[in-house]
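In our numbering, the protein residues as written are 531 to 611. For each residue, glycine too, the CB sits at the ideal point set by N, CA and C. Take a look at the structure set out below.
And the structure:
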């Protein structure tokens, strides 16, 4: 392939890329669909009640106030003596 055909091929590829971006921009859905809300922020719980199945005193607390936790994560250890 000679140099002019290579340049033409690159121009065609570039034009197709630009056309694809313009088509995506024009055809994409505008905004948030009805029934959805978008925001950012933080929800703070003022009080959470927890209970254990056995009696005992809390020996060690493994998390700090405000720390993110996941369901099933151990939060504290109990002394059941």
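{"Item": "Touch test, the segment 599–611 against the segment 570–589, Cβ-Cβ under 8 Å, three pairs minimum", "Value": "yes"}
{"Item": "Span separating the alpha-carbon of residue 548 from that of residue 602", "Value": "49 Å"}
{"Item": "Rounded separation between residue 551 and residue 560 - CA only", "Value": "15 Å"}
{"Item": "Closer than 9 Å to chain C by CB, residue 571", "Value": "This model lacks chain C altogether, as it is built from one protein chain only."}
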